[in-house]
Structure formats: structure tokens, C-alpha cells
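These notes are about the structure you will find just below.
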Amino acid sequence: MAAPSPLKAAGPEAFPQRLEPMLATMASEPFDSPEKIFEVKWDGIRTLAFISGGQVRLQSRSLQDITQPFADVAAGLARAVRADGVVLDGELVSLNKEGLPRLPLVMQRLQRQGAGQKTAVSYELFDIVYRGYRPLLGEPLWRRKGHLNQTVRPSATVHLCHFEEGLGVAFYQAVTALGLEGMVAKDKHSFYYPGKRSRHWLKVKVSRTANLVVGGYSFGGGQRKELFGGLLLGAYEGKALRFLGSVGGGFGADDLKSAYSILSQLHTPVCPFAEPPAVPRFLYWCEPRLVVQVKYGELTEGGHLRFPIFTAFRPDVDPGQCTLAALRGG
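When we follow my numbering, the leftmost residue of the sequence shown carries the number 1079, and every step to the right adds one.
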């Protein structure tokens, strides 16, 4: 792919008012490469910062101005950036009590919901695409990293992202152990292509697995109208079965038929969950005797699975062994 052309000639009059961020392509597994650097994949809000004439403006991936909800970050940038005519790329991040970045927390701040107004937020910076009103789009990443280090003085709210060179597998193992979302592998020589999803940047998400109890299923539609739409999943907290979400993806044709043949024999008029879930479809409750394995992104603060995908039936696992403590690593 050829180097991107500057949007206009350099200078204050050509400074962009909006800019779409460059995007990464999904990769299935971690890898090592001497041509790559490896960074944390943050669970936050992708944000570009525009600094011009002493003013700071924050822009979301959807090109919306989000400066006001994060005025403290903008003020921190005004103090941290040692140049004018600058566009920075990074992620707005908020940490939970365990010190892990969680998107719902920073979204509360964006939407100004309750305690979210007081939630601490940091700006994790990983790229710079304008400096001194000059576009850096056609410069290689390793050189842009140098410009970034020269331009930004880190502070309590403004951080420069750490990265490792070459050792992607070890880096992935580290972010997995820390409970982070994943990593991004970037070609050291990659240019910056606004609004483009490029294979020069590859994201590898951490997948977690869990054995969970099926407590019911929702009716299906389309090709599944004779079977089911999704399985209602839970785990035990003491003797109470807690609802954690539903899974509808990952099933092959044989999986659908096998699950339905088992579940149709387990119908019960009594909801097995301690608190009946608010599921917006017709459903059947089932005796909690079938265990399935799913992979998922994370367990949210509210106790629900993000992005669950069915992987296998687990007839070898006792439902009573499917506990919230095991899910949380306790």
C-alpha cells in the first residue's frame, strides 16, 4: 500500500478539523515478528486529540466532539503537549477497582451517568499524525513514535503507551495474565491511513473459556424456527443459579439438533435462576442439568458475559461445579 497523501499542504490553514482513525484487522492468534511492535489493546473509547492555538479538542471514532465530558483530560493535554498543530491518537480509559480498564466505566463518564461523572479517566497515547501543523501520515510508525516522545510530557492523566518489539507471544501471555482485553501488533514501518482497516495493524483479543449451566432457551427464528435462538446461561453462587447471559453463536447444525433434543426433555414451569432474567423473547425454562462450554471476552461489572460463543457440550462436568467463584478465578 502506497504512502497516504497529505490531506492538504502543511500550515495552520490546512490543519484538519476532523480525522478518522486508522483501524486494525483481527488476527486469530499471537505471533512473534522482528518487524512488529506489540501494544495493549485498551478497553476504552478510541479518541483523537487536536491541539491548535492553545485549544484542545477531543474527537471520537465516530467524529463526534467529546471534549466537554472529558474536560480534565483536555486540560491535561494542554499542559502535556509541547508543540502546536498536533493531532494525537489514543484511547480514553477508566479503571475498575482491580485496576483493569473497562469500557462501561468510561462510557458512564461520556454519558454523564451517576457516579460516572466522578470516574477517573486517562488518555493512553500510541500515535501522532500531525506535529507543527505538518502531516506525519506518510512517515513510518517507528519515526512517529519518536515524534510522540518528543511532543508529549506524560502526566497523571496523559500516558504514553508501553510497547514491546518482536516478542508478541510473550507479550500476549502477559496481557492475558493481567486480565487485559488483548494486544495490537503493528508493523514498525507502517504509514497512517485515516479511516482504513489495515493488515499492517493486527489485533489479537484474549478469549476466556467457562463451563456454564443451561437454565432455558429462547425461541428461534429463520433457519432456527424449529429449534432455538439462544441458550440462557448461569453459574452457581452458593445454591443460587445466577443468570449471566445468553449464547446464540458458535453452533453447528448438529449442535443445534443435539441441544434441542436434550433441552426439550428438561422443560420445567419453574425458572431455575434466582432472579428471572429479562429476556425479550418467548422462552422455555429447563432443569439445570446441561453444561456447555463457551468462550467470551470478559465478565462485566454487572455480572454478564461479553461476546459469548458456544464451543462444546460438557456432559462430563457436574452442573454444581459451574460456579461464579471459578469464573472469577476465585
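All C-beta atoms, glycine included, are put in the ideal place defined by N, C-alpha and C.
DSSP places Ala1156 in no beta strand (DSSP E) but in the uninterrupted alpha helix (DSSP H) bounded by 1149-1158. Linking Gly1131 to Asp1162 through their CA atoms gives a straight-line distance of about 7 Å.
Within the segment 1216-1271, the runs of beta strand (DSSP E) at least 3 residues long that lie entirely inside it are, in chain order, 1236-1238, 1241-1243, 1260-1265.
His1225 counts as buried, since at least 16 other C-beta atoms from the protein chains shown sit within 10 angstroms of its C-beta. Across the set Trp1120, Phe1269, Ala1331, the C-alpha of Phe1269 shows the shortest separation from the C-alpha of Gly1216. From the listed residues Glu1107, Gln1189, Gly1168, Arg1157, the smallest Cα separation to Pro1147 is found for Gln1189. Under DSSP, Ser1296 forms a beta bridge with Gly1308, Leu1361.
With fewer than 16 other beta carbons inside 10 angstroms of its own, Leu1141 counts as exposed. In summary, Gln1343 is exposed, with fewer than 16 beta-carbon neighbours lying within 10 Å of its beta-carbon over all protein chains present. The DSSP-derived three-state label of Ala1352 is coil.
In this structure Val1199 is not in contact with Val1164, their Cβ atoms being roughly 20 Å apart against a cut-off of 8 Å. By the beta-carbon neighbour count (other beta carbons within 10 angstroms, threshold 16), Thr1346 is exposed. Distance between Gly1328 and Leu1377, taken at the CA atoms: about 19 Å. With respect to Gly1260, Lys1119 sits close: the two C-beta atoms are nearer than 8 Å. Assignment of Ala1127 by DSSP, reduced to helix, strand and coil, places it in the strand class.
Judged by pairs of C-beta atoms under 8 Å, the segment 1326-1340 does not touch the segment 1348-1361, as fewer than three such pairs exist. Inter-residue distance for Ala1248 and Cys1364 is about 43 Å (C-alpha atoms, whole angstroms). Burial is judged here by how many other beta carbons sit within 10 angstroms of a residue's own beta carbon; Gly1293 has at least 16 and is buried. Out of Pro1397, Leu1101, Trp1220, the CA that lies nearest to the CA of Lys1317 is found in Pro1397. Per DSSP, Met1100 lies in no beta strand (DSSP E) and is assigned neither H nor E. Less than 8 Å separates the beta-carbon of Leu1155 from that of Ile1129.
Taking the Cβ atoms as the reference, Val1372 lies roughly 39 Å from Ala1234, outside the contact range of under 8 Å.
When DSSP states are grouped into helix, strand and coil, Lys1283 belongs to the strand group. For the pair Phe1321 and Pro1366, the CB atoms are not nearer than the 8 Å cut-off. Taking the C-beta atoms as reference points, Phe1116 is found nearer than 8 Å to Gly1246. Less than 8 Å divides the Cβ of Phe1360 from the Cβ of Ser1296.
Annotation for Gln1133: the continuous beta strand (DSSP E) segment containing it runs 1133-1138. Taking all protein chains shown into account, His1267 has fewer than 16 neighbouring C-beta atoms within 10 Å of its C-beta and is therefore exposed.
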